[in-house]
Amino acid sequence: MKYKVAFVCVHNSCRSQMAEGWAKSLDKNVMDVYSAGTENYPQVKPMAVQVMKEVGIDISSHKPKLLTDIPNDIDIVIKMGCNVNCPYLPSKHTEDWGLIDPSGGTIEDFRKTRDILKDKVEDLARRIASEELVI
Numbered sequence: 001m002k003y004k005v006a007f008v009c010v011h012n013s014c015r016s017q018m019a020e021g022w023a024k025s026l027d028k029n030v031m032d033v034y035s036a037g038t039e040n041y042p043q044v045k046p047m048a049v050q051v052m053k054e055v056g057i058d059i060s061s062h063k064p065k066l067l068t069d070i071p072n073d074i075d076i077v078i079k080m081g082c083n084v085n086c087p088y089l090p091s092k093h094t095e096d097w098g099l100i101d102p103s104g105g106t107i108e109d110f111r112k113t114r115d116i117l118k119d120k121v122e123d124l125a126r127r128i129a130s131e132e133l134v135i
């Protein structure tokens with residue numbers, strides 16, 4: 001079963017963009033991937049683009065999107081951990097990954113977040129493919 005998965009946060013400029021990049025690099029038969037936020041932001045954070053490029057994933061063409069820019073029939077919503085009011089998007093399953101936003105931090109903070117996201121996205125894809133995550 002292929003699910004529509006949305007990674008969401010407030011600005012859609014860092015964590016959710018990196019998660020989208022990781023997910024799109026995986027098996028396309030498991031999920032259709034989107035990311036979005038609740039507030040406009042001018043661009044994806046340059047350090048997010050840089051650390052993803054270090055692992056061969058190019059998100060330089062990504063633009064921050066709003067929840068209204070993605071389909072409204074999402075199956076799985078993954079919240080990044082907002083520390084404020086997290087965005088709401090109707091779905092069949094929601095998880096909050098509770099990740100610290102590396103924005104304003106060092107390049108090492110961005111790399112740490114990138115690597116955590118890789119593990120979490122791969123685990124999500126595995127749970128979907130093995131039907132461990134039943135929706």
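In terms of UniProt numbering, the sequence shown opens at residue 1 and continues consecutively.
A virtual CB, placed ideally from N, CA and C, is assigned to each residue, including glycine.
Span separating the alpha-carbon of residue i from that of residue j
i, j, result
"Glu122", "Glu20", "12 Å"
"His60", "Ile128", "Here residue 60 is Ser; the residue named in the question, His, does not match the sequence. Taking the straight line joining both Cα atoms gives about 28 Å."
"Lys53", "Glu132", "31 Å"
"residue 192", "Arg15", "Shown here, the chain extends from 1 to 135; a query on residue 192 therefore has no answer."
"Lys28", "Ile76", "16 Å"
"Thr94", "Lys4", "12 Å"
"Cys9", "Ile57", "20 Å"
"Gly98", "His11", "15 Å"
"Pro46", "Ala36", "17 Å"
"Leu26", "Asp119", "12 Å"
Where the alpha helix (DSSP H) containing residue i begins and where it ends
i, result
"Leu54", "Rather than Leu, the amino acid found at residue 54 in this sequence is Glu. That run of the alpha helix (DSSP H) goes 46-54."
Ignoring anything shorter than 3 residues, give me the beta strand (DSSP E) runs that lie fully in the UniProt domain "Phosphotyrosine protein phosphatase I" (3-127), in order along the chain. 3-9, 31-37, 76-79, 93-96
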